[in-house]
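Visitor: My structure is below; once you've seen it, I'll send some questions.
In this note's numbering, the protein residues as written are 539 to 621.
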């Protein structure tokens, strides 16, 4: 076991790197028809808005996930647990 202290920041870094790695692998596999199930994306959208006369805000969050990016997240989490 490493001497590195596990904390929330380290977990977030691992998850972001895992997500990016999964996205890159998914883009590299996209041209392969037999692996289309790994690269098909699902979009999750969240758009909270409010107009309170004094303050008005609009926020748009779009997340596109595919199986490769989810596998990257899971792999990063498992790797974090071993560190």
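All residues carry an ideal CB built from backbone N, CA and C; glycine is no exception. In this text the structure is predicted, and so the values were computed from the model without any measurement.
1) Buried or exposed, going by whether 16 or more other CB atoms sit within 10 Å of the CB of residue 593?
2) Does the region 546-555 touch the region 575-590, meaning 3 or more C-beta pairs lie closer than 8 Å?
3) Can you name the residues that DSSP bridges to residue 601?
4) Comparing the CB of residue 591 with every heavy atom of the ligand SAM, is any distance shorter than 6 Å?
5) Sorted by chain position, which residues of the same chain lie with C-beta nearer than 7 Å to residue 539's C-beta, five sequence neighbours on each side aside?
6) Taking 7 Å as the cut-off, decide whether the C-beta atoms of residue 576 and residue 567 are in contact.
7) Nearest to residue 600 by alpha carbon, out of 607, 610, 585 and 608?
Guide: This is what the structure gives:
1) With fewer than 16 other Cβ atoms within 10 Å, it is exposed.
2) Output reads no: the region 546-555 does not touch the region 575-590.
3) Partner(s): 582.
4) As for the ligand SAM, it is missing from this structure, which has no ligand bound.
5) With a pLDDT of 44 at residue 539, under the threshold of 50, the modelled position of that residue is not reliable, and the figure given next carries that caveat. There are no such residues.
6) Their beta carbons are under 7 Å apart, which means residue 576 touches residue 567 by this criterion.
7) For the residues 607, 610, 585 and 608, the minimum Cα distance to residue 600 belongs to 585.
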